Amino acid sequence: MGFVALGAVEQDSACRIGNRISYALRSPGGIEEVTKMSDFRADLCADRVALVTGGGTGIGRGIARALGEHGARVCIASRRSDVLEAAVKELEGDGIEAMWVPCDVREPDQVEAVIEAILARWGRLDIVINNAAGNFPAAIEGLSYNGFKAVVDIDLRGTYHVTKVAFERALKEGGGHIVNITAPFERMGVAFQAHVAAAKTGVDSLTRTCAVEFGPHGVRVNALAPGAIGGTEGMERVGGGDAGEARCPLRYVGAPLDIANAVLFLCSSAAAYISGQVICVDGGAAVGMMQIPPPGSDA
Ligand code: COA
Ligand code: NAP
Numbered sequence: 048m049g050f051v052a053l054g055a056v057e058q059d060s061a062c063r064i065g066n067r068i069s070y071a072l073r074s075p076g077g078i079e080e081v082t083k084m085s086d087f088r089a090d091l092c093a094d095r096v097a098l099v100t101g102g103g104t105g106i107g108r109g110i111a112r113a114l115g116e117h118g119a120r121v122c123i124a125s126r127r128s129d130v131l132e133a134a135v136k137e138l139e140g141d142g143i144e145a146m147w148v149p150c151d152v153r154e155p156d157q158v159e160a161v162i163e164a165i166l167a168r169w170g171r172l173d174i175v176i177n178n179a180a181g182n183f184p185a186a187i188e189g190l191s192y193n194g195f196k197a198v199v200d201i202d203l204r205g206t207y208h209v210t211k212v213a214f215e216r217a218l219k220e221g222g223g224h225i226v227n228i229t230a231p232f233e234r235m236g237v238a239f240q241a242h243v244a245a246a247k248t249g250v251d252s253l254t255r256t257c258a259v260e261f262g263p264h265g266v267r268v269n270a271l272a273p274g275a276i277g278g279t280e281g282m283e284r285v286g287g288g289d290a291g292e293a294r295c296p297l298r299y300v301g302a303p304l305d306i307a308n309a310v311l312f313l314c315s316s317a318a319a320y321i322s323g324q325v326i327c328v329d330g331g332a333a334v335g336m337m338q339i340p341p342p343g344s345d346a
């Protein structure tokens, strides 16, 4: 096998040199540092303003960075001010115009305050990434009522709050993009994830409804369903900390950059006719790994 992307932390730390990105590749002979040009134009998001919920860590952090590296001004919002402040410092250190606002997406008044702060500073909002979420593995037997509610409140109701306020206050007038970060649970039964699967498939449904309602206003609404993304809290929590192998056809774990690249695509004019879709970015995991070799085959 040739080189494969390592995924995980090394790629997450992709650094910007002009519009180049650096990341690690894993080969049979070890790890190789690679620097290459981004596949996207440096000014892809120029003049646009983006909000990334949960943008201080993990996948959201990767998305915020990628949007900023391609010209967007970026606001990140979540509960922990110290995390947000450090993330914004890092973005600013790389020449990205960024701001942070503390927010629990479960609270509509806090969500409204985020949108108002963005409009007060930059006067517009074009791209909304609903990435904030909570997850812990738990069987239904033993999961408290409040445990189920906490995750549905963050993932589904939080996405609804941010979407509604952003559309009513900003996107409705100028058009734009909403990308919901969901999970590839649409047609699966996933043990120990009743709360998460219920919330995320609700997000998938919301994605389709919003695409229909917002389409006439020039707002495209899509969702990305990551598979196993290395070096993230989400993967750590569901017990898949291994950065090397993954149970997917491509046989390796993805990186935040893989999700960020899909966001850039959806926010580009190359995706101008795509709306209402849930797109898996999972190394093919959603199609499974079933093999039915012919009799006598070694496969
Ligand atoms: N197993 C079972 N129940 C759990 C749990 C676990 N591992 N973790 C939390 N809960 C339950 C709590 O017991 C509580 O229920 P109770 O009041 O009946 O006891 C309920 O969930 C809410 O917990 P609490 O800690 O008060 O919620 P919070 O609002 O402070 O935090 C969480 C929300 C629980 C989702 C928390 O894990 C979180 O903040 N996650 C964000 C980061 C994350 O999950 N990243 C991965 C994204 S994929
Ligand atoms: P993460 O780093 O824990 O990201 C979750 C973010 O959400 C954190 O920054 C957190 O910040 C924020 N958040 C949590 N509760 C919030 C609330 N109530 N209000 C506002 N912000 C809140 O985990 P991740 O793995 O990168 O996950 C990012 C997204 O990808 C999630 O939507 C997740 O479901 C999805 N996903 C991840 C994987 C994976 O392999 N990692 C796979 C499938 C889907 P604060 O704590 O500061 O609030």
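Numbering (the working numbering), first residue to last: 48 to 346.
Every residue gets a Cβ at the ideal spot worked out from N, C-alpha and C, and that includes glycine.
For clarity, every value in this text was computed on a predicted model and none was experimentally measured.
Residue i, DSSP secondary structure in three states
{"i": "Ile-123", "result": "strand"}
{"i": "His-264", "result": "helix"}
{"i": "Gly-170", "result": "coil"}
{"i": "Pro-231", "result": "coil"}
{"i": "Gln-240", "result": "strand"}
{"i": "Cys-257", "result": "helix"}
{"i": "Met-84", "result": "strand"}
{"i": "Ile-402", "result": "Given a span of 48 to 346 for the chain in the structure shown, any question on residue 402 remains unanswerable."}
{"i": "Val-212", "result": "helix"}
{"i": "Leu-131", "result": "helix"}
{"i": "Ile-64", "result": "For Ile-64, the predicted model reports a pLDDT of 45, less than 50, meaning its position is unreliable and no value from the coordinates is stated."}
{"i": "Asn-182", "result": "coil"}
{"i": "Val-250", "result": "helix"}
{"i": "Met-146", "result": "strand"}
{"i": "Leu-138", "result": "helix"}
{"i": "Thr-100", "result": "strand"}
{"i": "Val-175", "result": "strand"}
{"i": "Ala-160", "result": "helix"}
{"i": "Ala-302", "result": "coil"}
{"i": "Leu-218", "result": "helix"}
{"i": "Leu-91", "result": "coil"}
{"i": "Ile-339", "result": "coil"}
{"i": "Gly-281", "result": "helix"}
{"i": "Val-152", "result": "coil"}
{"i": "Ala-332", "result": "helix"}
{"i": "Leu-114", "result": "helix"}
Same chain, Cβ closer than 8 angstroms to residue i, neighbours up to 5 away in sequence not counted
{"i": "Cys-150", "result": "Thr-100, Ala-124, Ser-125, Arg-126, Gln-157, Val-158, Ala-160 and Val-161"}
{"i": "Leu-253", "result": "Leu-203, Thr-206, Tyr-207, Thr-210 and Asn-227"}
{"i": "Met-282", "result": "Ala-275, Ile-276, Gly-288 and Val-300"}
{"i": "Ala-238", "result": "Ala-186"}
{"i": "Asp-345", "result": "none"}
Given residue i as reference, the closest of the options once Cα atoms are compared
{"i": "Gly-277", "options": "Val-266, Arg-294, Ala-270 and Gly-265", "result": "Arg-294"}
{"i": "Val-285", "options": "Asp-305, Ile-174, Cys-122 and Pro-184", "result": "Pro-184"}
{"i": "Asp-329", "options": "Gly-323, Pro-296, Asp-202 and Phe-87", "result": "Pro-296"}
{"i": "Val-334", "options": "Arg-112, Thr-256 and Glu-233", "result": "Glu-233"}
{"i": "Leu-114", "options": "Leu-91, Leu-172 and Pro-155", "result": "Leu-91"}
{"i": "Met-84", "options": "Val-96, Glu-116, Asp-94 and Ser-344", "result": "Glu-116"}
{"i": "Val-268", "options": "Ile-174, Pro-231 and Pro-340", "result": "Ile-174"}
{"i": "Pro-263", "options": "Arg-88, Leu-218 and Asp-251", "result": "Leu-218"}
Close beta carbons around residue i, own chain, < 6 angstroms, minus the five adjacent residues each side
{"i": "Ile-326", "result": "Leu-271"}
{"i": "Ile-110", "result": "Val-99, Ile-176, Ala-307 and Val-310"}
{"i": "Ala-332", "result": "Gly-274 and Cys-295"}
{"i": "Gly-221", "result": "none"}
{"i": "Ala-241", "result": "Ile-187"}
{"i": "Ala-246", "result": "Val-198, Val-199, Asp-202 and Leu-203"}
{"i": "Val-212", "result": "Val-158, Glu-159 and Ile-162"}
{"i": "Gly-107", "result": "Val-99, Gly-101 and Asn-178"}
{"i": "Cys-122", "result": "Leu-98, Met-146 and Ile-165"}
{"i": "Gly-323", "result": "Arg-255 and Ala-258"}
Own chain partners of residue i with C-beta closer than 7 angstroms, once the 5 adjacent residues on each side are dropped
{"i": "Thr-104", "result": "Val-130 and Glu-280"}
{"i": "Gly-249", "result": "Leu-203"}
{"i": "Ala-93", "result": "Gly-118"}
Heavy atom of ligand 4 within 8 angstroms of residue i beta-carbon
{"i": "Arg-127", "result": "For the structure depicted, ligand 4 is absent and the ligand set comprises only ligand 1 and ligand 2."}
query: Near ligand 1, which residues have their beta-carbon less than 5 angstroms from any of its heavy atoms, given in chain order?
result: In chain order, the hits are Ala-180, Gly-181, Asn-182, Phe-183, Ala-185, Ser-191, Asn-193, Gly-194, Ala-197, Glu-280 and Gly-281.
- request: Give a yes or no on contact between the stretch 213–230 and the stretch 310–319, applying the rule of three or more CB pairs nearer than 8 angstroms.
  value: Yes: the two stretches touch, three or more of their Cβ pairs being nearer than 8 angstroms.
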